[in-house]
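Peer 1:
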Amino acid sequence: MSNGSKTDGSKTDWDRLAKTDDQGIDTSDIPELDDDFFRRAEVHLPGKKAVTIRLDADVLEWFKGQGAGYQTRINQLLRQYMQAHRD
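Under the UniProt record's numbering, the sequence shown has 3 at position 3, and the numbering climbs by one with no breaks.
1) Kindly indicate which three-state DSSP category Leu77 falls into: helix, strand or coil?
2) Grouping DSSP H, G and I as helix and E and B as strand, with all else coil, what is Leu55?
3) Is it buried or exposed for Lys19, if we count other Cβ within 10 angstroms and need 16 for buried?
4) Between which two residues does the alpha helix (DSSP H) harbouring Leu17 extend?
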């Protein structure tokens, strides 16, 4: 039997899977998503995003000197500034 486009370590035949028609997929064990599902659904957005920011050395040292959680405190101060200066 040919491996098709299987990658090293993968047992999935991706070529065959890509050619599979949606009608050939058995979804009988998946419940229908009714209106009640969508009424109760919650959207969870990512809370944080990693960035690189350049700070004056003395500012960074001062915040780090405050102990664990200095990044959270910097974020809180930036949020307060943002909220105070919104249009």
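The C-beta atom is built at its ideal place from N, Cα and C for all residues, glycine as well. Bear in mind the structure is a predicted one, so any value in this text is a computation, not a measurement.
Peer 2: In short, the structure shows the following:
1) Of the three classes helix, strand and coil, the one that applies to Leu77 here is helix, per DSSP.
2) Residue state for Leu55 is assigned as coil, using DSSP reduced to three classes.
3) That one is exposed.
4) Trp14 to Lys19 is the extent of the alpha helix (DSSP H) around Leu17.
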